[in-house]
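Participant: The opening position of the sequence shown corresponds to residue 319 in the working numbering, with each subsequent residue numbered one higher.
Can you read through this structure? Questions will come right after.
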Amino acid sequence: TKDSLAAKKEAEEMKAKYEGDRKALDAQKSQVIQDARDKGYHEYENIIANANKKASEILEDARRDAKLENQKQRAQFEAEITDMVLSAASKISATAHTVQTDRELYDRFIEEASNKNE
319 TKDSLAAKKE AEEMKAKYEG DRKALDAQKS QVIQDARDKG YHEYENIIAN
369 ANKKASEILE DARRDAKLEN QKQRAQFEAE ITDMVLSAAS KISATAHTVQ
419 TDRELYDRFI EEASNKNE
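Shown next as structure tokens:
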């Protein structure tokens with residue numbers, strides 16, 4: 319009986335220690351899970367932020383390339399117009415000026431300009 323009381327007390331102490339250890343392990347497990355979630359969310363946010371940054375860079379590069387291409391085409395178009403105007407001016411200055419010849423030169427200039435734009 320004295321031995322049984324001591325054994326019972328020892329069993330209760332072991333049970334209490336086990337339950338305390340189990341609660342501590344559950345708390346530790348919960349903390350590990352929460353830390354993993356937090357790390358996962360942080361990684362997710364970093365991935366999204368990097369993807370958004372990369373997308374913005376790609377769009378900016380595309381806009382810059384489009385602007386440069388537009389400027390290049392505009393410069394080429396202006397050069398072609400300048401060449402046509404100089405050609406027309408040289409033809410005008412090389413011929414005698416009459417209303418009829420001026421009209422013919424003008425019509426030829428318009429026709430050549432239309433053909434180059436097609």
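Yeah, the Cβ is synthetic: ideal placement off N, Cα and C, and Gly gets one too.
Which whole-angstrom value describes the C-beta separation of L423 and A412, a residue pair presumed to lie in contact below a C-beta threshold of 8 Å?
Facilitator: Actually they do not touch by this definition, with Cβ atoms about 10 Å apart.
Participant: Given this structure, state the Cα-to-Cα distance separating K347 from D353, to the nearest angstrom.
Facilitator: In a straight line, the C-alpha of K347 is about 10 Å away from that of D353.
Participant: Using CA atoms only, rank isn't needed, just tell me which of E363, M332, K434 and H360 is closest to D401.
Facilitator: It is K434.
Participant: Measure the alpha-carbon distance for K409 versus E396 and round it to whole angstroms.
Facilitator: Approximately 20 Å between the Cα atoms of the pair.
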